[in-house]
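Engineer: Numbering-wise (the working numbering), the sequence shown opens with residue 1 and increments by one. Even glycine gets a Cβ: it sits at the ideal position worked out from N, Cα and C. Note that the structure is predicted; figures quoted are calculated from it, not measured.
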Amino acid sequence: MTDFRDRARSAEAAMRAVFKPTPLQRNDHLSERYHADILLKREDLTPVRSYKLRGAFNAMRKVLEAHPGTGTFVCASAGNHAQGVAFMCRHFGVQGVIFMPVTTPQQKIGKTEKFGGDAISIRLTGDYFDDTLAAAKAHCAEVKGHFLSPFDDEDVIEGQASVAVEVEHQMEALPDRIVMPVGGGGLSSGIRSYMGRDCALTLVEPEGGACLAAALAAGKPKRLNHVNNFADGAAVAQIGSRPFAHLHDLDPANTIAIDEDRLCTTMLEMLNAEGIVLEPAGALAVDALKDLGHAIRGKTVVCVTSGGNFDFERLPEVKERAQRYSGIKKYFVLRMPQRPGALKDFLNILGPDDDIARFEYLKKSARNFGSVLIGIETSHPENFVHIQYKLDAAGFDYRDITDDEVLAEFLI
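Have a look at this one:
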């Protein structure tokens, strides 16, 4: 443990030649809500808006110290790891080749190009990440380069532990609890290995990518059959073997899995109330406060906001998911009688706080009824009780498809 702490401290000290420590800020809004002293470790404010450049810096630094002639660094990533590697390739003056899936949004490609400049080249390969990863490793072997893993590397884990080193420096005493996201495990294993048992830790995963919980249950890393990529910064199919070696004895009670739709409510809250832009993975630790509740009352809690690389083109989706989770937006398939005045009868059912957000009606001349896809927004969830009561009383035939994943994905 002491050796790891020493290495993490050395990594943190070396980083100061590249970027400043990220702020540790008390958040009055959250502190008042949870009756606790809530501090945010703002990893969304690094030069690349995530903590990933820490691990990339430390791994590259140690490789170049041991092998000064290393020619090319290779990685596979469509997100924050790519940007961290690109930034550090330019810093160290080395060449990097970054493999990305063909489906990677242009915004992410552009940001990676901006951070890396002439020091990197980007290769778009494969529709799925596994194909991209295989191509990256094959190229790395061909050019005899060094492959930079996003998390399954001891030097990367040491680099991510610098977050804990900074927290230690920035506080007079350690917090009662640190809450952090976990994906592949680099950040969480680094912080846990540095902090040991000096403070309580809560590790937070998206429900659609809870690979740590699966590994703890199986006693070894276990690949998930399906991953929901919404929280892409933490949606990993299998935790790294090296990070899991640091986390294998974690009490499962110290892990939380967060519903992706609920996560959207926190993203919107932090944006609207605090002006803080967080990507889905970056909001996991803040959202987990809802589950910790009385356990943190009166305590000092540090939440690691791990990233802020959010494409605002996704904002309508985030708002949609948040509204549906909060119960203030629903979708129905309604059988509308094909007679004059039927639509007016339906509209009279809606109250002053109800708004039609979507309406698609196909009139068919050979039928007595037509199908309507309708989306309704309202101010309070209980308003839908009144709407459905009135629909029943008026004899309308309808189906609530809000939580039908297949229909919702196809129609909405």
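1) Taking the beta carbon of tyrosine 331 as the centre, do at least 16 other beta carbons fall within 10 Å, making it buried, or is it exposed?
2) Taking Cβ to Cβ, would you say isoleucine 276 is nearer than 7 angstroms to methionine 270?
3) Measuring alpha carbon to alpha carbon, tell me which of Lys111, Pro352, Ser149, Lys390 ends up nearest threonine 378.
4) Determine the contact status of arginine 223 and alanine 237, defining contact as a CB-CB distance below 7 angstroms.
5) Would you mind sorting methionine 15 into buried or exposed? The rule is 16 or more other CB atoms within 10 Å of its CB.
6) Between which two residues does the beta strand (DSSP E) containing aspartate 37 stretch?
7) May I ask which residues mark the beginning and end of the beta strand (DSSP E) holding leucine 124?
8) If you follow the beta strand (DSSP E) that serine 371 is in, where does it begin and where does it stop?
9) Going by DSSP, what residues sit across from methionine 180 in a beta bridge?
10) Check this for me: beta carbons of threonine 255 and leucine 212, under 7 angstroms apart or not?
11) Considering only C-alpha positions, which residue in the set Ala257, His246, Ala295, Ala231 is nearest to leucine 278?
12) Just to confirm before moving on: does the CB-CB distance between glycine 185 and proline 243 stay below 7 angstroms?
13) Rounded to whole angstroms, what's the CA-CA distance from isoleucine 191 to isoleucine 120? Just pull it up for me.
14) Quick check: the region 296 to 316 against the region 173 to 184, are there 3 or more CB pairs under 8 angstroms?
15) DSSP state of threonine 266, grouped into three classes?
16) Per DSSP, threonine 72 is paired with what?
17) Should aspartate 44 go down as buried or exposed, given a rule of 16 or more other Cβ atoms within 10 Å for buried?
18) Have a look at the DSSP bridge pairing and note the partners of leucine 24.
19) Would you mind reading off the limits of the alpha helix (DSSP H) that contains proline 337?
20) Check whether the Cβ atoms of alanine 86 and threonine 125 sit closer than 7 angstroms, and answer yes or no.
21) What are the residues that DSSP puts in a beta bridge with alanine 257?
22) Candidates Met88, Gly93, Asn80, Gly84: which alpha carbon is nearest threonine 104's?
23) Mind pulling the alpha helix (DSSP H) runs of 4 or more residues that sit fully within the region 268 to 311?
24) Where does phenylalanine 413 sit, in a helix, a strand or coil, going by DSSP?
25) Inspect the CB distances between the region 245 to 264 and the region 202 to 219 and report whether three or more fall short of 8 angstroms.
26) DSSP three-state call for isoleucine 387: helix, strand or coil?
27) When the Cα atoms are used, what is the spatial distance from glutamate 320 to aspartate 287?
28) Ignoring anything shorter than 4 residues or poking outside the region 139 to 195, list the alpha helix (DSSP H) runs there in chain order.
Structural biologist: Judging by the given coordinates:
1) buried
2) A contact, by the Cβ cut-off of 7 angstroms.
3) Pro352
4) With contacts defined as CB atoms closer than 7 angstroms, arginine 223 and alanine 237 qualify as a contacting pair.
5) Buried, because 16 or more other Cβ atoms sit within 10 Å of the Cβ of methionine 15.
6) 37 to 42
7) 120 to 124 is the span of the beta strand (DSSP E), which, as asked, contains leucine 124.
8) 369 to 377
9) Leu203
10) Result yes, Cβ atoms of threonine 255 and leucine 212 sit closer than 7 angstroms.
11) Ala231
12) Contact flag set, yes.
13) 30 angstroms
14) Because the criterion of three Cβ pairs below 8 angstroms is met, the region 296 to 316 and the region 173 to 184 touch.
15) Of the three classes helix, strand and coil, the one that applies to threonine 266 here is helix, per DSSP.
16) Answer is Gln95, bridged to threonine 72.
17) Here aspartate 44 is buried. Its C-beta has 16 or more other C-beta atoms within 10 Å.
18) Lys41
19) From DSSP, proline 337 is part of no alpha helix (DSSP H) but of the beta strand (DSSP E) over 329 to 337.
20) no
21) Glu205
22) Asn80
23) 284 to 287, 289 to 292
24) This structure cannot speak to residue 413, because the chain is shown only from 1 to 412.
25) The region 245 to 264 is in contact with the region 202 to 219.
26) helix
27) 17 angstroms
28) 154 to 160, 162 to 170, 186 to 195
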